[in-house]
Structures are given as structure tokens and as C-alpha cells.
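A.B. asks: Here it is: the structure, laid out below.
In the numbering used here, the protein residues as written are 2 to 383.
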């Protein structure tokens, strides 16, 4: 026979480690499938016991314990229906039963609140979470997709037109729709809304703005230029990324001792991408190795935003026409590899891409490469 109990628990959803706070809840346990949780608020790991000892929590704890004791004395079946009957009273329970038979009107429910709760329940990396929060805030700013009733094809089209105001790329707009559609589809599958408006509306992904990679000459100029302090450190990080193909976040977690293998005279990075957890295997080309040697094999640490700010200064100093970001370093590596006849399948493995189509976006085939291959082709058929 299972033991029944009532207690106070903290951080059942394991949110505190990621967000600094977790939920304090009163738990009523009547059996494996008979349990109830009363949320009492959020608190940090250092503060939750104070909330747990508050008068409000103490009173609820006392009330729930009395009900469980009474059910035991009266030899009632230990079910949540019986517990709720005592907790809410027969009149309320009867009203709830009547409401169950009625067709629910969900149109006034908050879509914004649903998205926030659904996001809380997802186990995501911090960067991904920030992107989704940004999508939710964009919906909030739009102001016409607030409730379930607002989720109509007409409003989705209006939202898309509002997004395309000239300040966002087509791909960015499509990315917002992609994130939001996931939550809309969940509501439709749960029967909370009568239709999925995205099944009616056709949205185009659009084309990516082509990032202009640096040429080998530009990379050499960047390597040899005399920068000092933080500009020098950010330049060196960029060079390391441009000659290994690593993304910015992967440079920040790079560990030479545990992530490299020596094959012949060259070192290779054998790791997994933080963003996608995809395996990659890429060489540390000589300019990147010189960066490692300069910093005793421990790369400088800096935030992505700050790094890109310093790259803008470097761009102005070197008079580059391209807008420099760490994405450009990765694009430059892919383009350079293809220009030196590395098969695109191998470039995809170096970059940690699961789909070669992604690599094709990253790598620009240079005219000089085409001309060289065309000359070789002409020679072979002559």
C-alpha cells in the first residue's frame, strides 16, 4: 500500500540552474498517478526556504494534510477527485463537471502566456532561448496576436506584412514565423484552436543575404597588421576561426588538450558543435597554430557582442568593404577550402554540417576556381 503525504518541494522543473530561480510548490501525493501541485511562487536557491515557511504556504500545507487525514479516517479512496471534492467543495466540483460538458471557449486565452509557458518547459541552450524570447517579444510588439482567437490566417498575413517593413531580411522574418508556428501547431493538435492558420497561409523563406568572405590576401593583411590590446586578441580569434572553420562559440570552449589529435605533422580538432551537437573534424592550419602558440594554447575569452564590436573597428582600420563578423571567418574558411579543391563533403565535415546544402550557403565558389577547373576540363577533352 502506497504512503500518502503532503510536503513542500523546490525546483521540480529544474529551472534554477538556468534562470536563477525555481518554483516553490506544495505537493499532495496520494499515489503514483494521483498527485497535485500548488505553485506558491518563484525563489532563488538561497531564498526558497523562507518562502516555504511563509504563512500562506503553512496554511495551505495544514489544510491539505487535514484533508488527507480525513480521507484516511473515512476510508475514502485516495484519488484526486475525492481530494478536490474536499478542497474545493461539492458546489465548485459540480460546477466544474457542468463546465466539462460545455464546449470550451478558448478564444480569450492568452497566446503570449502560452508561448512563455511552453518556452519555460523546453530544455534549450541559452542562445536558442534568447532567439525564441525575441520572437515572442516581436509578437507582443505587433499587438494583434495576443489571444487564441487572434490566430487567424488574416492576422498571420498582417503579421508577415508588418515584419517586412524593411528593417528585417526575408530569412529573419521567416525565422520568426517558424518559431511561432511550432506553438500554434501545438495548440491546434491539442484542440485549443479550430485551425492551424499556417496551413492556409503560404509564406516564402526568401533568400539569404550573401556574406562576402575575405580573400586569402585580405586574411594575410589582417594577420600582419599591427593591432594592440583587445583589438589584437579579437583579430587573433578571427584568424583562428578563419583557418579552422570554428564558430565563435566553439572557439570559446576550445580546449587544446582534450579536443585535438595529431596526424602526421598536423593537428586536427575533433569535437562537437555547441549549437547543433554535430561532430566535426577540422585541421588547425598554420596561421591558426601560430595563434595558439602565441596564447600558450589557451584562446582569449570575450563575449560575442564585444568581439563583433571590435571587429567593426578592425574593418574600418583595414578599409575592408565587408562587414566583419565571426560568421565571415567561417565563410572565409569554407570558401578557401573549396578554392583549394577540398571536396564539399569534406568541407561539410570540417564545419560540422549535417546537410551539404548548408555548406553550399557558407562556401562561395570563386571565379578563379571555376576558371582553373574549366581550363583543366578543356585540356582533358582537347
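We treat Cβ as the ideally placed atom computed from N, Cα and C, and that holds for glycine. Since the model is a prediction, treat every value here as computed from it, not as a measurement.
Counting only runs of 3+ residues fully inside the region 279-361, write out the beta strand (DSSP E) ranges in chain order.
C.D. replies: 280-284
A.B. asks: Between which two residues does the alpha helix (DSSP H) harbouring residue 141 extend?
C.D. replies: Unbroken alpha helix (DSSP H) run through residue 141: 127-143.
A.B. asks: Would you mind stating whether residue 279 and residue 269 have Cβ atoms separated by less than 8 angstroms?
C.D. replies: No; because the gap between Cβ atoms is not below 8 angstroms, this pair is not in contact.
A.B. asks: Consult DSSP for residue 231 and reduce its assignment to one of helix, strand or coil.
C.D. replies: In the three-state reduction of the DSSP assignment, residue 231 falls in the helix class.
A.B. asks: Unbroken alpha helix (DSSP H) runs of length 4 or more, entirely within the region 13-93: which are they?
C.D. replies: You should have 17-20, 49-53, 56-74, 81-89.
A.B. asks: Looking at the structure shown, is residue 221 part of a helix, part of a strand, or coil, going by DSSP?
C.D. replies: Residue 221 falls in the helix class under three-state DSSP.
A.B. asks: Three-state secondary structure (DSSP) at residue 161?
C.D. replies: helix
A.B. asks: Considering only residues of the same chain and omitting the five flanking positions on each side of residue 154, which have a CB-CB separation below 7 angstroms?
C.D. replies: Setting aside the 5 residues that flank it on each side, residue 154 is surrounded in the same chain by 198, 201, 202, each with a C-beta closer than 7 angstroms to its C-beta; the list follows chain order.
A.B. asks: CB-CB under 7 angstroms to residue 108, same chain, minus the five flanking residues each way: which ones, in chain order?
C.D. replies: The residues are 148, 149, 150.
A.B. asks: Going by CA-CA distance only, name the one from 245, 302, 35 that's closest to residue 336.
C.D. replies: In this structure, 245 is the residue among 245, 302, 35 with its C-alpha nearest to the C-alpha of residue 336.
A.B. asks: Name the residue from 82, 381, 333 whose alpha carbon lies nearest to the alpha carbon of residue 69.
C.D. replies: 82
A.B. asks: Under the DSSP definition of a beta bridge, which residues are partnered with residue 264?
C.D. replies: 267
A.B. asks: Just to confirm my understanding: we take residue 42, look at its own chain, exclude 5 residues before and 5 after, and list those with CB closer than 8 angstroms. What are they?
C.D. replies: 24, 25, 52
A.B. asks: Using the C-alpha atoms, what's the distance from residue 19 back to residue 124?
C.D. replies: 10 angstroms
A.B. asks: Quick check: residue 308 and residue 241, are their CB atoms within less than 8 angstroms of each other?
C.D. replies: no
A.B. asks: Run the CB neighbour count on residue 357, radius 10 Å, all protein chains shown included, and call it buried at 16 or more, exposed below.
C.D. replies: exposed
A.B. asks: Hey, out of 84, 140, 339, whose CA is closest to residue 214's CA?
C.D. replies: Of the candidates 84, 140, 339, the one whose C-alpha sits nearest the C-alpha of residue 214 is 339.
A.B. asks: Which one of 88, 227, 293, 233 has the shortest CA to CA distance from residue 252?
C.D. replies: Residue 252 has its Cα closest to that of 293, out of 88, 227, 293, 233.
A.B. asks: Tell me whether the region 180-199 and the region 111-124 touch, counting them as touching only if at least three CB pairs, one residue from each stretch, are closer than 8 angstroms.
C.D. replies: yes
A.B. asks: State the DSSP-derived secondary structure class of residue 8, mapped to helix, strand or coil.
C.D. replies: Residue 8: strand per DSSP, three-state reduction.
A.B. asks: Contact between the region 296-312 and the region 233-240 is defined here as three or more beta-carbon pairs at a separation below 8 angstroms; is this criterion met?
C.D. replies: Judged by pairs of C-beta atoms under 8 angstroms, the region 296-312 touches the region 233-240, as three or more such pairs exist.
A.B. asks: Along the alpha helix (DSSP H) that carries residue 121, what are the first and last residues, could you check?
C.D. replies: Counting along the chain, the alpha helix (DSSP H) containing residue 121 begins and ends at 112-122.
A.B. asks: Please name the residue, chosen from 79, 138, 15, 65, that lies closest to residue 34 on a Cα-to-Cα basis.
C.D. replies: 79
A.B. asks: In its own chain, which residues sit with a C-beta less than 8 angstroms from the C-beta of residue 247, not counting the 5 before and 5 after it?
C.D. replies: 241, 255, 270, 283, 331
A.B. asks: Could you check what DSSP says for residue 273 in three-state terms: helix, strand or coil?
C.D. replies: strand
A.B. asks: Using the Cα positions of residue 140 and residue 13, report the straight-line distance between them to the nearest angstrom.
C.D. replies: 29 angstroms
A.B. asks: Give me, in chain order, the residues of the same chain whose beta-carbon lies closer than 8 angstroms to that of residue 61; leave out the 5 immediate sequence neighbours on both sides.
C.D. replies: If the five residues before and after residue 61 are omitted, its C-beta is found closer than 8 angstroms to the C-beta atoms of 27, 39, 41, all from its own chain and listed in chain order.
A.B. asks: Taking the alpha-carbon of residue 311 as reference, which of 196, 250, 230, 221 has the nearest alpha-carbon?
C.D. replies: 230
A.B. asks: From residue 206 to residue 161, what does the alpha carbon distance come to, in whole angstroms?
C.D. replies: 11 angstroms
A.B. asks: Tell me which residue opens and which closes the alpha helix (DSSP H) that residue 183 is part of.
C.D. replies: That run of the alpha helix (DSSP H) goes 171-190.
A.B. asks: So what's residue 148 in DSSP terms, helix, strand or just coil?
C.D. replies: DSSP places residue 148 in strand when its eight states are reduced to three.
A.B. asks: Which of the three DSSP states is assigned to residue 206 in this structure?
C.D. replies: In the three-state scheme derived from DSSP, where H, G and I count as helix and E and B as strand, residue 206 is classed as coil.
A.B. asks: Rounded to whole angstroms, what's the CA-CA distance from residue 76 to residue 274? Just pull it up for me.
C.D. replies: 58 angstroms
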